[in-house]
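When we follow this note's numbering, the leftmost residue of the sequence shown carries the number 84, and every step to the right adds one.
In this text, a Cβ means the ideal position worked out from N, Cα and C, and glycines have one as well.
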Amino acid sequence: MNETTRSRVAALLLVLGPVAFTLGDLLRRIVVPAGNPTAVSITQVVSDHQAIWLAAGLLNLLTGFLLVPGVLALIPASGTRGARATTIGAVLMAVGSVAAAAHSIAFFSPYALYGKASAPASAITAIDNASESYPLLIAVIAIFMIGMMLGSLVLLIGLRRARRVPIWSVVAVVVFIACGSTGGIVPGLLGVAAAVVAFVPAARSLLRPEATHQQLTAQEVPLAG
């Protein structure tokens, strides 16, 4: 595989990763009732929408496989402008995407299994309550949240400092983060759009890094005279 092919693959994965993540989250929002549903109510609606729930889980699981090579390909040579922030953000997001894959298994599987096993409401509630204090699950959620939210912001700030993405990519990633922590289908749809707006320019910078830098720099320098 030559350098051009490698860059194209990384750019494609960099776009597909956030899109898969936000689409999976959107499907979850479609299935799970609004507000603060109980584990029992989630189990009931999952039983009625098993195909959508499985698709949501698989999309979230794919996030780790897609994002890791994509974001790590953005790491620039040391000493370049924005290199430190870009590197820190890329590593955080790569780790967060792996945790996202682990979280998808821990979150999506139990509710589907409760329904298939016809588990009583008391057992579902007891297991759900116990899971909220289990150290391994808490660690996975913390790494997932920090990596995907803080990591994506730091990454885009680093890329912006290097003039590899426009300023609206940074704005879009802020929207991406805000939508991820806000309930409802509309924020879910907005999150998908924000992911595309944020990460497509980053992916383009992998394909034509010098041209992207020159174009963005030219847009920011006022014309003489």
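Compare the beta carbon distance of residue i and residue j with 8 Å and say whether it is the shorter of the two.
i      : j      : result
Phe259 : Ala245 : no
Gly100 : Gly172 : no
Ala117 : Gly266 : yes
Val223 : Ala185 : yes
Gly234 : Ala182 : no
Ala160 : Ala168 : no
Ala139 : Arg111 : yes
Ala255 : Ala225 : no
Kindly give me the distance between the Cβ atoms of residue i and residue j, rounded to whole angstroms, as I take these residues to be in contact under 8 Å.
i      : j      : result
Ala285 : Leu97  : 6 Å
Val66  : Trp136 : The structure shown does not extend to residue 66, since the chain is modelled only from 84 to 308, so the question has no answer here.
Leu220 : Ala177 : Rounded, the Cβ-Cβ distance is 21 Å, inconsistent with contact.
Ala93  : Leu289 : 6 Å
Thr146 : Phe104 : 4 Å
Ile240 : Val253 : 6 Å
Leu106 : Val283 : With 8 Å as the limit, Leu106 and Val283 do not qualify as a contact, their Cβ atoms being about 15 Å apart.
Ser180 : Val151 : 6 Å
Leu175 : Val237 : 6 Å
Ile207 : Tyr217 : 16 Å between Cβ atoms; not a contact.
Gly263 : Asp108 : 7 Å
Leu242 : Leu149 : With 8 Å as the limit, Leu242 and Leu149 do not qualify as a contact, their Cβ atoms being about 18 Å apart.
For the alpha helix (DSSP H) that residue i lies in, which residues bound it at each end?
i      : result
Ala281 : Ile268 to Leu290
Glu86  : Glu86 to Val114
Tyr197 : Ala166 to Lys199
Val248 : No alpha helix (DSSP H) contains Val248, which DSSP labels as neither H nor E.
Met228 : Pro218 to Met228
Asn143 : Gln133 to Leu155
Asn212 : Ala204 to Ser214
*So does the stretch 113-129 actually touch the stretch 201-212, counting three or more Cβ pairs closer than 8 Å?*
yes
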